[in-house]
Amino acid sequence: MQTQPQFGLIRRVLFPYSGEEPLTRQQSLRVIAIWAIVFTFPVILCTLTAIFMAQPPFVRALLLLIGALLFGIIIFGVTAWACISVINRTARLRQQQQNARRTNSTSGGRYGS
């Protein structure tokens, strides 16, 4: 039976995978969506605070909120995608190195004898 690594709450929410294996498309989309939602939320709260303090016209306030929402989703979604790309590349390289070690150990060791 495999034991699950114990991560902190923030790690379990933002990136609940070990990084030992490349993420599937579903796992990647889940991480991107979580990052886009979690990190955009404070941006929206700050925007709402600024709107309540400045009291702009309704249309302008709505445009500010929509802009902050889209900006946050795009920026943090792209950031999550970049992190996933790096993690997947690292996991694939690690797997290739492990496979190379296995084939080298069965072929006679370091000097091939």
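Residue 0 is where the sequence shown starts when you use numbering that gives the first Met the number 0, and the numbers rise one by one after that.
The C-beta atom is built at its ideal place from N, Cα and C for all residues, glycine as well.
Item to check | For Thr48, the three-state DSSP class (helix, strand or coil) | outcome: Against the sequence shown, residue 48 aligns to sequence position 49. Correct three-state label for Thr48: helix.
task = Tell me whether Pro41 sits in a helix, a strand or coil according to DSSP, three-state version.
result = Sequence index remark: in the sequence shown, residue 41 carries index 42 (1-based). Here Pro41 sits in helix by DSSP.
_If the criterion is Cβ atoms closer than 8 angstroms, does the pair Ala67 and Ile43 meet it?_
As a first step, residue 67 is located in the sequence shown; it is residue number 68 there, counting from the start. As a first step, residue 43 is located in the sequence shown; it is residue number 44 there, counting from the start. The answer is yes: Cβ separation under 8 angstroms.
query = Residues in its own chain within less than 6 angstroms of Val77 by CB, not counting five upstream and five downstream?
reply = Indexing the sequence shown from 1 puts residue 77 at position 78. Within the same chain, Val77 has no close Cβ partners at all.
Check your understanding: Is it right to say Ile65 is buried, meaning 16 or more other beta carbons lie within 10 angstroms of its own, or is it exposed?
Key -> As a first step, residue 65 is located in the sequence shown; it is residue number 66 there, counting from the start. Answer is exposed; the Cβ neighbour count stays below 16.
Answer with buried or exposed for Phe75, where buried requires no fewer than 16 other C-beta atoms within 10 angstroms of its C-beta.
-> Residue mapping note: residue 75 aligns to position 76 of the sequence shown, counting from 1. By the 10 Å Cβ count, Phe75 comes out buried.
> Which whole-angstrom value is the C-beta distance of Ala35 and Ala79, which I expect to be below 8 angstroms?
Replying inline: If you number the sequence shown from 1, residue 35 lands on position 36. If you number the sequence shown from 1, residue 79 lands on position 80. With a Cβ gap of about 7 angstroms, Ala35 and Ala79 count as contacting.
Q. What's the call for Phe14, buried or exposed, on a 16-neighbour Cβ count within 10 Å?
A. On the sequence shown, residue 14 is found 15 positions in, with the first residue counted as 1. With 16 or more other Cβ atoms within 10 Å, it is buried.
Could you tell me the alpha carbon to alpha carbon distance between Thr39 and Ile72, rounded to whole angstroms?
Numbered from 1 along the sequence shown, position 40 holds the residue referred to as residue 39. Numbered from 1 along the sequence shown, position 73 holds the residue referred to as residue 72. The alpha-carbon atoms of Thr39 and Ile72 are separated by roughly 6 angstroms.
- Task: Would you list, in sequence order, the uninterrupted alpha helix (DSSP H) runs of no fewer than 4 residues that lie entirely inside the region 8-40?
- Result: 8-13
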